[in-house]
Every structure is written in C-alpha cells, then in structure tokens.
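Undergrad:
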Amino acid sequence: MLRADWPEIASSAAQLGIRVAMAPNGIHVDAQAAARMRECGIERAAISLDFPTAELHDEFRGVRGAFAAAMRALRLLREAGIETQVNATLTELNAAHLGALISLALAVGAVAFHPFLLVETGRGEKLAGNGLTAERCEEMMRRLRERQVALAGRMAIKPTDMPQYCRVAMPEGARPGIGLDVMTRGCLAGRRFCFISSRGEVRPCGYLPLACGSLRVSRLAGIWRESAVLRALRDDGRLKGKCGGCEFKRICGGCRARAFARTGDWMAAEPLCVYAR
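The sequence shown begins at 250 in the working numbering and counts up by one.
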C-alpha cells in the first residue's frame with residue numbers, strides 16, 4: 250500500500266478476470282482504504298498475526314500497536330465486504346500458540362487461516378535459529394490436520410510452504426494423489442505459480458531467488474514455457490536425496506526454497522521432513 254498506484258494495478262487485474270487478493274500488514278488500512286479496495290475488485294485481504302496477543306505480536310514485530318492495527322484492519326475489511334484471511338509464520342517462537350491463533354482467526358470472522366512454515370531466506374534468515382525441527386514440524390502438521398477436519402465448512406485452513414503436509418493429510422490407506430482435500434500439490438513453484446517482483450523479475454516463488462527472466466524483456470508466457478529453471482522444477486526426476494526416491498514426490502516435491510536456503514541446492518531434499526520410504 251506504499252505504492253500510490255495500487256488501485257490502478259488491482260483494477261486492471263480485476264478487469265482481466267483475475268481474482269485479486271491483497272496482503273497488507275494492516276497499518277495503512279483505514280475505512281477509506283478498505284472501501285477503495287472493494288471498489289477496485291479486491292475480493293480477499295490477508296492480514297498476518299504471528300501471536301494471539303498484542304504484547305507478544307508487537308514485541309515480535311518490533312512495532313507498538315501492530316496488533317491493534319491488524320485487528321482494526323480485519324474489522325474494516327469485513328465491513329467493506331471483503332473476505333479476510335489470517336496468515337501466520339510458524340516458528341519455534343509461536344508454535345505453542347497455534348491453537349490460539351486459529352481460535353482468533355475464527356473470532357474475527359476470517360474465512361481462511363494460512364499457516365506458513367518459515368523459509369530462512371531474505372529477512373527470514375534472522376529467524377533461522379528459531380526454526381522448527383523436522384520432528385516438531387511433523388507434530389505441528391498433525392495438529393493442523395485435526396483442526397482442519399474439525400473446522401471444515403466453518404473456516405478453511407491451508408498450510409503453506411509445507412508441501413510435506415500433503416502426506417500427512419492423505420487418508421490412511423490412500424494411494425499418493427488420491428483423497429487430498431487441501432491442495433492440488435505441495436510445492437507449486439514453477440508448476441502452477443510464479444512470483445513477479447516490483448521490478449518485473451520473474452522467480453519460481455517469492456522465497457526462491459532464482460532468476461527466470463524479466464517482464465521488461467520478455468512476455469510472461471514465454472518465460473513460463475522456456476525458463477530453464479522453471480522447466481527443471483517440473484521434472485520430478487531431478488529431485489535429490491530422499492525426495493528423489495520418495496513415493497510422495499509427485500504430490501509433495503519438498504519445499505525447493507527451503508532446500509536452497511539450507512543447502513544452496515534447490516533440488517536437494519526437504520530439510521523439514523521426517524519421512525523416509
């Protein structure tokens with residue numbers, strides 16, 4: 250929302266038939282901005298809450314009043330007729346508050362709760378020492394699955410940046426690719442998703458800093474079809490380590506950004522998965 254032309258961008262996308270969503274941090278969302286977002290065709294807005302209380306959230310964010318601003322934004326957006334979604338980046342610092350965060354998302358009328366598993370890239374590198382272990386991640390995913398099933402029809406829960414959740418969510422006895430009700434595939438980078446920076450640079454996802462091309466030079470369709478990086482990400486045969494031999498690789502694939510952040514190899518095994526065939 251620091252860009253003066255965000256209404257123009259949103260309107261242009263909506264007029265093309267694209268479902269437009271926005272993820273402000275809440276600080277700049279007042280009643281006028283919320284109404285403008287609705288006028289521009291924005292259908293959903295995601296607000297991040299990393300802790301369920303003002304004291305903890307503000308301390309983590311380093312900004313006094315951040316929690317109050319987020320809560321105000323959620324109310325104003327809902328009043329403006331925009332669906333709201335609550336995001337939370339999960340680390341060892343807030344994993345114990347997962348249940349409270351889900352309850353808070355329900356209480357504010359969010360239609361969805363998206364828990365993100367930390368990827369230690371960009372500013373996330375500063376949290377590397379607070380990342381979950383693979384064992385703790387497995388435990389958390391099973392808790393998420395219980396809540397997802399319990400809240401079906403009331404609020405959608407979509408784990409993000411944790412492709413291994415596909416395995417956890419699969420009904421017992423089901424074959425890989427059968428019975429998933431949470432996502433079409435784990436890692437979507439280069440397959441059904443790409444990231445375009447404010448400078449027009451195309452990457453597989455926002456957490457994977459690999460250059461695929463620039464919209465200042467080429468059309469997106471051409472980059473999507475021809476980029477060597479994107480084409481490699483679509484080839485399950487290039488996965489290494491235990492991901493390469495895993496029976497779930499076609500529905501999971503491991504987080505390529507996390508593998509790159511931890512090892513420097515974007516085809517290496519997912520670091521936060523305990524499963525071994």
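Glycine included, C-beta positions come from ideal geometry on N, C-alpha and C.
(1) Assess contact between the stretch 369-388 and the stretch 345-360, defined as three or more Cβ pairs (one per stretch) separated by less than 8 Å. Is contact present?
(2) For T333, count neighbouring Cβ atoms within 10 angstroms of its own Cβ and tell me buried if that reaches 16, exposed if not.
(3) Please report the distance separating the alpha-carbon of S260 from that of G290.
(4) So, helix, strand or coil for C454, using DSSP?
(5) If we ignore side chains and look at the alpha-carbon of each, how far apart do C443 and P364 end up?
(6) Cutting at 6 Å between CB atoms, please list the residues of its own chain near N343, excluding the five before and the five after it.
(7) Any idea what DSSP makes of A383, helix, strand or coil?
(8) Just mark L393 as buried or exposed, buried being the case when its beta carbon has 16 or more other beta carbons within 10 Å.
(9) Would L488 be called buried (16 or more neighbouring beta carbons within 10 Å of its own) or exposed?
(10) Bridge partners for I296 per DSSP, in chain order?
(11) Based on DSSP bridge pairs, tell me the residues matched to C291.
(12) What's the C-alpha gap between A453 and L400?
(13) Among the candidates R434, G314, R391 and H306, whose CA atom is the shortest distance from the CA of H277?
(14) Would you mind sorting G435 into buried or exposed? The rule is 16 or more other CB atoms within 10 Å of its CB.
(15) May I ask you to list the residues that DSSP assigns as paired with A399?
(16) By a C-beta neighbour count over all protein chains shown, 10 Å radius and 16 as the cutoff for buried, is S352 buried or exposed?
(17) Tell me which residues share the same chain as A318 and place their Cβ nearer than 8 Å to its Cβ, disregarding the 5 neighbours each side in the sequence.
(18) Assign E519 to buried or exposed, taking buried as 16 or more other Cβ atoms, counted over all protein chains shown, within 10 Å of its Cβ.
(19) Less than 9 Å separating the beta-carbons of Y297 and T338?
(20) Among S447, R499 and L457, which residue has its Cα nearest to the Cα of L251?
(21) In the DSSP assignment, find the unbroken alpha helix (DSSP H) run with H306 in it and report its ends.
(22) Over the uninterrupted beta strand (DSSP E) stretch that includes P364, give me the two end residues.
(23) Rank I445, R416 and E308 by C-alpha distance to the C-alpha of G503 and give the top, closest one.
(24) Can you have a look at N379 and say buried or exposed, based on whether 16 or more other CB atoms are within 10 angstroms of its CB?
(25) Closest by CA to V357, which one among E387, L367, A322 and L376?
(26) Less than 6 Å between C-beta atoms, sequence neighbours within five positions excluded: which residues of the same chain meet that for Y456?
TA: According to the structure data:
(1) Contact between the stretch 369-388 and the stretch 345-360 is absent, with fewer than three C-beta pairs closer than 8 Å.
(2) Buried, since its Cβ has 16 or more Cβ neighbours within 10 Å.
(3) Roughly 6 Å separates the two Cα atoms.
(4) Correct three-state label for C454: strand.
(5) If you take the alpha carbons of C443 and P364, they lie about 20 Å apart.
(6) Apart from the 5 residues on each side of it in sequence, N343 sits with its Cβ closer than 6 Å to the Cβ of D299 and F300 in its chain, given in chain order.
(7) Helix at A383.
(8) Buried is the call here.
(9) L488 is buried by the Cβ-count criterion.
(10) V335, per the DSSP bridge assignment.
(11) For clarity, residue 291 is Ile in the given sequence; the question names Cys instead. Looking at the DSSP assignment, I291 forms a beta bridge with V269.
(12) Checking the sequence shown, residue 453 turns out to be Pro, not Ala. Spanning the two alpha carbons is a distance of roughly 32 Å.
(13) When each option's Cα is compared against that of H277, the closest is G314.
(14) Residue environment: G435 is assigned as buried (16 or more neighbouring CB atoms within 10 Å of its CB, all protein chains considered).
(15) Looking at the DSSP assignment, A399 forms no beta bridge with any residue, so it has no partner.
(16) Exposed, by the Cβ-count rule.
(17) Scanning its chain for C-beta atoms nearer than 8 Å, with the 5 sequence neighbours on each side dropped, one finds around A318 the residues N274, G275, I276 and V278, in chain order.
(18) Buried: at least 16 other Cβ atoms inside 10 Å.
(19) Per the sequence shown, residue 297 should be read as Ser rather than Tyr. Yes, the Cβ-Cβ distance between S297 and T338 is below 9 Å.
(20) Taking the Cα of L251 as reference, the smallest distance to any Cα among S447, R499 and L457 is reached at S447.
(21) A303 to R310 is the extent of the alpha helix (DSSP H) around H306.
(22) Counting along the chain, the beta strand (DSSP E) containing P364 begins and ends at A361 to L366.
(23) Residue R416 is the option with its Cα nearest to G503.
(24) Classification for N379: exposed.
(25) Considering only alpha carbons, the answer is A322.
(26) Cβ within range, chain order: V368, T370 and A506.
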